[in-house]
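Enquirer: Heads up, the numbering used here is the position in the sequence shown plus 278, with the first residue counted as 1. Just so it is clear, CB atoms sit at the ideal spot from N, CA and C, and this is done for glycine as well.
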Amino acid sequence: MADLKEELIEFAKTIGAAKIGIADASLIKNPPQEQDFDPENYVDGAKCAISICVAFPEDAVGLDDEDDFTFCTSFGSSYVTLKRQIDTIGAKLVKFLEEKGYKAKYIGPELPFDKGCQICGLLHPYIHKLIATIAGLGEEGMSNLLVTPEYGPRVLLASIITDAPLEPDGPKLVGKVCRKCNACVEECPTGALSEENYPPYNFERNRCFWGYFGGMRVTEVDTPPLDWINAKPSALSVLPKYKEQNPRLKELLDWDEAIGNFPKCTRCMSVCPVGAEEE
Ligand code: SF4
Ligand code: SF4
């Protein structure tokens, strides 16, 4: 089956995947932070999960300090375009596997927020991070993002579950990519990241949501209000109230409806030195 894997990887690269790797399905079943996740729920007889990664264009990330219009039309558009690109790659790879006689299901880059797991906004949901780590694409950094040696955390992730017998790559980059420099922790304006613990337990989702949904941007106050920090099950429950009270926040979030949702803070992504300089 080495030929099938080689052919799949080659095809994925020709249609725009920056990286691709294979995870053994048994290693992603009922993981600690999402215990109801089972590859068999997607594909009977699932043997592996394929991790797909696409990279942001250089300079697309790190525009947080620009005015809203520039940020939304530049980073926002790049983010939404990349989401469409990875969906197209996923659909083509599923078709490729089906034509070879296998079953395959695509899981897109966005998963629901309210899964109770630690996530950094919508950027790298837990399941995709786990699959990418076990498939050897990178490792979870202090930023709670998947950090790849080539592109740092400036990537989007998606996965395919399949019964194709592809040889797993293994978590070969764990302990080898994040430099523990804590630049992401220091630069995180909302205090969502901490150096006192290790990922994912150093991440406060509600604080990150303040950056992610644009509360920080429109109020120009880095620390979220107390009712936002303490909101349960998450700050999403108080977001409508803030949107009603703040016309600029409403205006900013209307961009999501216009072009598709995207994070309003990218500091932890942009500041990471991995993959960002000539080495
Ligand atoms: S830097 Fe922004 S996106 Fe990253 S964890 Fe902090 S608030 Fe969230
Ligand atoms: S900024 Fe430093 S600590 Fe944070 S993920 Fe990147 S390498 Fe790791």
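Does V321 come out as helix, strand or coil in the three-state DSSP assignment?
Expert: It is coil, neither helix nor strand.
Enquirer: State whether the segment 419-437 contacts the segment 465-480, with contact taken as three or more CB pairs (one from each stretch) at a distance under 8 Å.
Expert: yes
Enquirer: Across the segment 516-532 and the segment 481-499, are there enough close Cβ pairs to call them in contact, namely three or more that are closer than 8 Å?
Expert: yes
Enquirer: Any residue with its C-beta under 5 Å from a non-hydrogen atom of ligand 1 counts. Can you list them all in chain order?
Expert: C466, T468, A470, C486, G489, C543, R545, C546
Enquirer: Rounded to the nearest angstrom, what separates G489 and P467 at their Cα positions?
Expert: 8 Å
Enquirer: Using 10 angstroms around the beta-carbon of Y476, count the other beta-carbons present and answer buried if the total reaches 16, otherwise exposed.
Expert: exposed
Enquirer: So what's I412 in DSSP terms, helix, strand or just coil?
Expert: helix
Enquirer: Quick check on the burial criterion: 16 or more other C-beta atoms within 10 angstroms. Buried or exposed for T366?
Expert: By the neighbour-count rule (16 or more Cβ atoms within 10 Å), T366 is not buried but exposed.
Enquirer: I need the straight-line Cα distance from P335 to S356, nearest angstrom please.
Expert: 8 Å
Enquirer: How is S512 classed by DSSP in three states: helix, strand or coil?
Expert: coil
Enquirer: Based on the DSSP output, what are the partners of L435 in its beta bridges?
Expert: C331
Enquirer: With DSSP run on the structure shown, which of helix, strand or coil describes V339?
Expert: coil
Enquirer: For F315, count neighbouring Cβ atoms within 10 angstroms of its own Cβ and tell me buried if that reaches 16, exposed if not.
Expert: buried
Enquirer: Can you determine whether any heavy atom of ligand 2 sits closer than 8 Å to the C-beta of C331, and answer yes or no?
Expert: no
Enquirer: So what does DSSP say about F540, is it helix, strand or coil?
Expert: F540 falls in the coil class under three-state DSSP.
Enquirer: Check for me: the beta strand (DSSP E) holding I507 runs from which residue to which?
Expert: Here I507 belongs to no beta strand (DSSP E); instead the alpha helix (DSSP H) covers 504-507.
Enquirer: On the three-pair Cβ rule with 8 Å, is the segment 455-474 touching the segment 365-383?
Expert: no
Enquirer: Between which residues of its own chain and Y384 is the CB-CB distance below 6 Å, once the five residues before and five after are set aside?
Expert: Only G368, V372, I438 meet the Cβ criterion.
Enquirer: Rounded C-beta distance between C550 and V425? I'm assuming under 8 Å.
Expert: That belief holds up - the Cβ atoms of C550 and V425 are roughly 6 Å apart, short of 8 Å.
Enquirer: In the DSSP assignment, find the beta strand (DSSP E) that holds Y490 and state where it starts and stops.
Expert: Bounds of any beta strand (DSSP E) do not take in Y490; it lies within the alpha helix (DSSP H) bounded by 483-490.
Enquirer: Pairing CB atoms from the segment 291-302 with CB atoms from the segment 442-461, are three or more of them under 8 Å?
Expert: yes
Enquirer: Near L341, what residues of its chain come up, given a Cβ to Cβ distance below 7 Å and the 5 sequence neighbours on each side ignored?
Expert: T348, F349, S352, F353
Enquirer: For the beta strand (DSSP E) containing A382, list its first residue and its last residue.
Expert: 382-385
Enquirer: Would DSSP call C459 helix, strand or coil?
Expert: coil
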